[in-house]
Each structure stands twice: as C-alpha cells, then as structure tokens.
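Taking our numbering as reference, the numbering of the sequence shown is continuous, increasing by one, and the terminal residue is 437. Here a beta-carbon is modelled for each residue, glycine too, at the ideal position from N, C-alpha and C. The model shown is predicted, which means the values in this text are computed figures rather than measured ones.
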Amino acid sequence: MIMIPYGKRALTLNMRNNMHLVEGPAEKIKRSHDPIKEAIRDPIGTKRLEEICEGKKNCVIVVDDHTRNTPTKKMVGALLETLGGKMDEVKVIFATGTHRSPRRDEIRSILGEKIMEVVKIESHDCDDEENLVYLGRTSFKTPIYIDRTYLSSEIKIITGDISLHYYAGFGGGRKSILPGLAGRETIKKNHSLLLDSKAFMGNLDGNPVHLDMMEAARMPGAYPDFSLNVISDSKRDVLAASSGDLSLVFEELVKIAKKSLVKKMDNYFDDIVVGAGGHPRDINLYQSTKALEMVRSGVRPNGKIVLLAECIEGIGDETFEAWMEECKCLDEAEDKIKGDFEIGGHKAYYLRKIMNRNKVFLISSLDDDLVERWGMIPKGSLDDLVDEIEGKNVGIIPTADFMIERR
C-alpha cells in the first residue's frame with residue numbers, strides 16, 4: 031500500500047504485482063545538522079552577511095511565493111537571526127513573477143506569525159509600471175524592467191530553492207530576479223526563448239532562457255549582495271544549502287542537484303502513476319503539469335501517465351486555459367507560441383507535447399467535461415483507474431520531486 035500526496039491529504043494505492051515503486055536517485059545528499067545556518071556562517075564569494083550589512087539601515091529579503099514549497103520560514107528566520115535586529119527596516123518581497131499575490135493566510139503559512147511581526151511585507155506586481163525600473167537590454171534583446179523597491183534597498187538578499195525547471199534548466203538563483211521581480215514585458219520576452227533546442231529541463235549549457243536570466247541579474251543595481259539557496263524535499267526538509275555570491279551559490283547547488291534530483295534509467299515503464307506532490311505543488315493545473323514533464327522520459331511512447339493533482343484552485347491561469355481551448359493539438363500550440371507568445375501559453379504547449387506522445391489520465395477536482403475536452407481522461411479515484419493500468423511494468427512515483435532521464 032502506497033500513500034500519494036493529494037492536496038492536503040493523501041490517496042491510497044494498493045500495489046499490484048505489475049506495479050513498482052520508483053525510488054529517487056541513488057546518490058543521496060549527506061545532510062548536516064543545520065545546513066542553512068552553516069551555509070550563512072560560511073558564504074562563498076562574499077563577506078559574511080554581518081560584515082556586508084555593517085553600517086547599513088535597510089535591507090530587502092526576496093522570497094518565493096505560495097506556488098513553491100520552499101522552506102522560506104527557516105531561511106528568513108536564520109537570516110533575521112544573523113542580522114540581529116541591527117537594521118532599521120527589513121522588508122520581505124514575494125517574487126511572484128506573473129502570479130497573483132499570496133493571500134494573508136498563505137503568507138502566514140510561508141513566513142509564520144513571528145516573522146510577520148518584525149518585517150514589512152510586499153508582493154511584486156509585474157504590471158505596476160510605476161514600481162518598475164528599466165535597466166537596459168540583454169544580448170537576447172530582452173528589455174529588463176525590475177522591481178523598484180528591490181533596486182532601491184541598501185542591502186539586497188535573495189532566497190530560493192534549486193529545483194528542476196521546464197525550460198530554464200533549473201529554478202532558484204537568478205530566477206528570483208527574472209521572472210520573480212521582473213515586469214511582464216521582460217518575462218514574456220525571456221520565456222519566448224523556450225522553443226530553443228537547448229532550453230530543456232536539467233540543462234544550462236547554451237540554454238538561452240538561463241543565460242538571459244543571468245544577464246538580467248547582472249544588470250546595474252540588480253545583482254544581490256547576498257544569496258541563500260537550498261535544495262529541499264517535498265516536506266520542506268533542507269537537503270543542502272549554500273550562501274554568498276549568487277552565481278557561485280547557484281553553480282554549487284546545481285552540481286548537487288544534478289546528482290540528487292535526476293534519476294537515470296535504462297528502460298521505459300509501460301505506464302506511470304505520478305503525484306504532483308500535494309499542496310501547494312498541486313494547487314492548480316498550471317503548477318501540476320510540471321510532474322508530467324518530470325516523468326515523461328520514463329514511459330514508453332503511447333504509454334499511459336496517471337497524474338494525481340487536486341487542483342483546488344482550478345486551472346490557475348487564464349492564458350493557459352484559453353490556449354488549451356483554442357489549440358486542439360501540438361501543431362496548433364507550436365504555431366501559436368511561435369507567432370504570438372503569451373505567458374501561460376507555454377504550459378499549454380508543454381501539455382499538448384506530452385499528450386501527443388502519451389495518454390494522460392487525471393485524478394483531480396476539476397470538472398470532468400473540461401478534462402475530457404482538453405484530451406485527458408478524468409478519473410474520480412485510484413480505484414476507478416487501477417484496472418485500466420494493465421502494463422506489465424508500471425512505475426509508481428508518489429511525488430514528482432526528481433526527473434527521470436534515459437541513459
């Protein structure tokens with residue numbers, strides 16, 4: 031019997047002889063007692079945070095929003111402890127990119143009451159032109175507009191979680207700035223680079239999306255004074271942490287992530303059952319589709335992928351929804367993304383790409399008619415589905431927190 035996270039609860043799968051639990055990568059991270067505090071005490075490429083902040087009056091701490099499972103409370107708590115109350119003002123900015131601002135209850139869950147009492151809190155708004163500053167263009171001709179509050183702070187600290195990403199290769203690091211603190215026009219141009227053949231999950235070499243993000247982070251005034259990033263699991267337990275210079279921290283943790291977040295396999299599964307990861311990873315379909323991308327290389331062409339994602343907030347993005355309604359096949363989605371790229375449309379492209387290769391079943395709270403209209407097969411429960419997963423070799427992945435890669 032296997033428990034698969036689903037929203038804030040779990041669904042039970044009774045294992046059959048043809049089902050095989052897929053363990054994460056063989057190379058595990060050696061955990062230290064308190065990796066975050068140890069990382070802050072021993073930064074790479076910068077002075078210690080106390081020295082950086084000496085004589086300064088205010089700082090901003092950039093954090094992930096409600097769509098991420100980052101252990102933000104632990105990181106911000108450790109940073110505040112290190113600062114020791116010496117700052118006149120500490121402001122926390124949620125790096126929302128194009129997402130909505132987190133609600134009060136979500137902020138409380140992310141930061142906790144104690145932190146909320148001692149910091150000012152703000153959410154980035156990619157459409158607030160008065161709070162965006164133009165810094166120039168990258169070599170990819172992306173116009174860089176960045177949050178004014180962030181740029182005007184004496185000390186800039188970013189936090190984040192290194193994870194696999196569809197087309198940026200890896201999340202974390204520079205993504206706190208672009209897309210996290212960028213204007214909509216900036217994000218749209220950057221994300222339009224995703225059709226490049228080198229823009230894929232787990233790859234940074236020659237990846238234009240990643241390179242464009244790095245150029246944006248290095249624009250005058252945008253580069254943070256201090257970066258604190260981690261690798262964490264679905265329970266927000268910290269597996270590894272690093273602090274200091276943004277680029278060096280990112281490089282160090284990506285090396286670890288390539289060994290600990292990527293599972294190499296020699297053979298395909300006939301079918302795969304995968305959980306998006308429970309709340310908040312399965313908060314909506316827009317976020318949940320990442321799980322399909324994580325496992326698609328592990329299932330044979332025309333095989334079945336069963337996705338468990340509650341999607342309590344529905345689809346999650348109007349553009350994604352509109353494109354799925356309009357683009358009935360992969361060719362239509364690809365033509366549209368080449369001709370009129372819109373943020374959110376890229377998720378429709380990736381979903382159509384997976385559905386073009388595999389049959390997708392969905393266990394969720396979404397309306398069955400919508401799921402069917404989009405070309406997926408809705409199921410009310412695992413019990414409704416088990417008899418249809420008749421492959422001789424079925425992979426069971428309770429939480430899609432690692433990527434499957436063929437050797």
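Taking the C-beta atoms as reference points, residue 88 is found no nearer than 8 Å to residue 49. In the three-state reduction of the DSSP assignment, residue 420 falls in the coil class. Taking a contact to require three or more Cβ pairs closer than 8 Å, the stretch 300 to 319 and the stretch 225 to 243 do not qualify as touching.
Contact between the stretch 144 to 160 and the stretch 226 to 235 is not established, with fewer than three Cβ pairs separated by less than 8 Å. Contact between the stretch 41 to 55 and the stretch 421 to 437 is present: three or more C-beta pairs spanning the two stretches fall below 8 Å.
Judged by beta-carbon spacing, residue 79 lies within the 8 Å limit of residue 256, meaning their Cβ atoms are closer than that value. In the structure shown, residue 96 adopts coil according to DSSP, grouped into three states. Nearest Cα to residue 131 within the set 143, 245, 138 and 154: 154. If you draw a straight line from the Cα of residue 343 to the Cα of residue 397, it is about 12 Å long. By the Cβ criterion, the stretch 321 to 329 is in contact with the stretch 294 to 306, since at least three pairs of Cβ atoms, one from each stretch, lie closer than 8 Å. In the three-state DSSP reduction, residue 376 falls in the helix class (H, G or I).
With 16 or more other CB atoms across the displayed protein chains lying within 10 angstroms of its CB, residue 83 is buried. Here residue 203 carries a helix assignment [DSSP, helix/strand/coil]. Straight-line measurement puts the Cα of residue 408 at about 49 Å from the Cα of residue 251.
By the 16-neighbour rule on beta-carbons within 10 angstroms, residue 249 is buried.
Within the stretch 33 to 77, the runs of beta strand (DSSP E) that reach at least 3 residues and sit entirely inside it are, in chain order, 39 to 43 and 49 to 51.
Secondary structure of residue 256 (DSSP, three-state): strand. By the Cβ-count criterion, residue 164 is exposed, with fewer than 16 other Cβ atoms from all chains shown falling within 10 Å of its own Cβ. For residue 185, the secondary structure class from DSSP, reduced to helix, strand or coil, is strand. Under the three-state reduction of DSSP output, residue 149 falls in the coil class, being neither helix nor strand. Put simply, the backbone Cα of residue 74 is about 45 Å away from that of residue 386. Judged by beta-carbon spacing, residue 199 lies beyond the 8 Å limit of residue 328, meaning their Cβ atoms are not closer than that value.
Of 355, 226, 402 and 42, the smallest CA-CA separation from residue 197 is found for 226. In terms of Cβ geometry, residue 179 and residue 140 do not form a close pair [threshold 8 Å]. Note: residue 195 is bridge-paired with 199 in the DSSP secondary-structure output.
As DSSP reads the structure, residue 305 sits in a beta bridge with 338. Membership of residue 214 in the alpha helix (DSSP H) is indicated by the continuous run 214 to 221. With 16 or more other Cβ atoms inside 10 Å of its own Cβ, residue 209 counts as buried.
Beta-bridge analysis with DSSP links residue 274 to 74 and 257. The C-alpha of residue 107 lies about 12 Å from the C-alpha of residue 93.
Per DSSP, reduced to three states, the secondary structure at residue 85 is coil, with no helix or strand assignment. Distances from the alpha-carbon of residue 290 to those of 263, 144, 134 and 137 put 263 closest.
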